[in-house]
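A.B. asks:
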């Protein structure tokens, strides 16, 4: 389980979902580009958040179920 605060994880997943809905497969690249932009400006924390958004978008676009997923 993630050690991130719940609200932050929810925001990351919400943002990733919106990016995937809007940009499809390009969502991941867009999130990584944003992370690079923030890093270049010296915003390491913002960059890390956008890297997590990119990873979440990758998971949303993945066709396989994560090993720790529970099906209800």
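Residue numbers (the numbering used here): 28 to 99. The C-beta atom is built at its ideal place from N, Cα and C for all residues, glycine as well.
Hey, out of 69, 82 and 67, whose CA is closest to residue 39's CA?
C.D. replies: With distances taken between Cα atoms, residue 39 lies closest to 82.
A.B. asks: Taking the CB atoms as reference points, tell me whether residue 54 and residue 78 lie closer together than 9 Å.
C.D. replies: Their beta carbons are not under 9 Å apart, which means residue 54 does not touch residue 78 by this criterion.
A.B. asks: According to DSSP, simplified to helix, strand and coil, what is residue 94?
C.D. replies: Here residue 94 sits in coil by DSSP.
A.B. asks: Nearest to residue 56 by alpha carbon, out of 66, 71, 70 and 80?
C.D. replies: Ranking the options by Cα distance to residue 56, first place goes to 80.
A.B. asks: Suppose you measure from the CA of residue 44 to the CA of residue 73; what does that come to, to the nearest Å?
C.D. replies: Going by the C-alpha atoms only, they are around 18 Å apart.
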